[in-house]
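*Asks:* Quick one: structure below, then a few questions.
Residue numbers (the numbering used here): 53 to 415.
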């Protein structure tokens, strides 16, 4: 069995074609894509950088002047250039703009890891093919297997038609979570409280919740959300901490979003940090955990390890984000099934570029 029939990845394709490249976007994603192009000797292909009209201004990004898409097309009118989208979004108006450009130009959304520096290219796929195929074989239904296959092919090629083919409605996850029983909901990466509202509203049997969020501005909004929920007779405990495989303390960035772990990210200046508690799920000492959501910015594997006693004892339903690190597509399933082998495993992707908002479900 071979999940991907693609013998080349996006980077090999760019190297073979040697066509000019225009980067769409000027944030962290563009930094990462430029780094990959440089590492592969392809940086010279970059012919332009453009941004959406409201973000152009009079500025430079790296050594490139930021222009509008229309100006980019004029400047490269005689060039058959390829567009690489360098940001993530699920906003309909943004996705419509990307689709419009894709109707006019050859366009890809490269998969670069949100965390870590392991690139999901053909070499990585071949090195881990046995693990990837093992996860595929363990998925519980045809929809999940199709999602997984499309997701792997997207990660290799940057072709967003694969993501479009495996999109599901956000509410479809409720079919997988319908076995949620009375008990405690643990929200790891609770952000402003959007998922607290979503799951407590859908499953009234979850009268108690623990919500963890490391980023202090998001945490303030989470607390306000929790107060509203408590007025509706939900018992919500909010914790401003990181999640990990052991209890301790760690430095996080004060400048980069969602509580970026400073010592794991070379882009974080250590002078722009603060110390924060690190906890584990097991350290909460709860014996009635019904459902856990893991969306913890690349720390999912450590968080699972720190929850293994709770998983063994309570067998909670779990939703685990699998898009932060290249290896997440197999290591997360391996880890959970090492702890308990009696889970059924599903996968879903909801509309977003790049392949974010992709999750494993353990039922």
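No residue lacks a Cβ here, since even glycine has one placed at the ideal position from N, Cα and C.
To test your reading of the DSSP string, which unbroken beta strand (DSSP E) runs of 3 or more residues are found completely within the region 93-118?
*Replies:* 98-102
*Asks:* Starting from residue 335, follow the beta strand (DSSP E) in both directions and report where the run begins and ends.
*Replies:* Element bounds for residue 335: n/a, residue is neither H nor E.
*Asks:* Are the Cβ atoms of residue 354 and residue 296 separated by less than 7 Å?
*Replies:* yes
*Asks:* At the level of alpha carbons, what is the spacing between residue 412 and residue 184?
*Replies:* 14 Å
*Asks:* What would DSSP say about residue 275, mapped onto helix, strand or coil?
*Replies:* Looking at residue 275 - three-state DSSP - the assignment turns out to be helix.
*Asks:* Evaluate contact between the region 57-65 and the region 74-83, counting only Cβ atoms and requiring at least three cross-stretch pairs below 8 Å.
*Replies:* no
*Asks:* Exposed or buried, what is residue 320 when buried is set at 16 or more other beta-carbons lying within 10 Å of its beta-carbon?
*Replies:* Low confidence applies to residue 320: its pLDDT is 48, below 50, so where it sits in the model is not reliable, and the reading given next is rough at best. Per the 10 Å Cβ criterion, buried.
*Asks:* For the beta strand (DSSP E) that residue 330 lies in, which residues bound it at each end?
*Replies:* 325-331
*Asks:* May I have the straight-line CA-CA distance separating residue 232 from residue 271, to the nearest angstrom?
*Replies:* 26 Å
*Asks:* Can you give me the Cβ contacts of residue 310 inside the same chain, cut-off strictly under 6 Å, excluding the 5 residues immediately before and after it?
*Replies:* The pLDDT assigned to residue 310 is 45, lower than 50, so where the model puts this residue is not dependable; a value taken from the coordinates is nonetheless given after this. Here the set comprises 267, 349.
*Asks:* On the three-state DSSP scale, how would you describe residue 404?
*Replies:* Residue state, collapsed to three classes: coil.
*Asks:* Pull up the DSSP beta-bridge partners for residue 410, would you.
*Replies:* 401.
*Asks:* By how many angstroms is the C-alpha of residue 210 removed from the C-alpha of residue 88?
*Replies:* 14 Å
*Asks:* Below 8 Å, how does it come out for the region 394-411 and the region 142-155: are there three or more Cβ pairs, yes or no?
*Replies:* yes
*Asks:* How about residue 206 and residue 137: are their beta carbons less than 7 Å apart?
*Replies:* no
*Asks:* When the Cβ atoms of the region 125-137 are set against those of the region 65-75, are three or more pairs found closer than 8 Å?
*Replies:* yes
*Asks:* Please say whether residue 385 and residue 366 have beta carbons closer to each other than 7 Å?
*Replies:* no
*Asks:* Can you give the Cα-Cα distance for residue 65 and residue 339, rounded to whole angstroms?
*Replies:* 52 Å
*Asks:* For residue 369, name the three-state secondary structure that DSSP assigns.
*Replies:* Assignment of residue 369 by DSSP, reduced to helix, strand and coil, places it in the strand class.
*Asks:* Between residue 296 and chain C, is the shortest Cβ-Cβ distance under 7 Å, so that the two count as touching?
*Replies:* Structure shown: chain C not included; a single protein chain is present.
*Asks:* What's the gap between the Cα of residue 294 and the Cα of residue 328?
*Replies:* 7 Å
*Asks:* Given a threshold of 16 other Cβ atoms within 10 Å of its Cβ, counted over all protein chains shown, does residue 234 qualify as buried or as exposed?
*Replies:* Answer is exposed; the Cβ neighbour count stays below 16.
*Asks:* Excluding the five sequence neighbours on either side, which residues of its own chain have a C-beta within less than 7 Å of the C-beta of residue 41, listed in chain order?
*Replies:* No answer is possible for residue 41: it lies beyond the span of the chain, which begins at 53 and ends at 415.
*Asks:* Considering only C-alpha positions, which residue in the set 135, 352, 106 is nearest to residue 99?
*Replies:* 135
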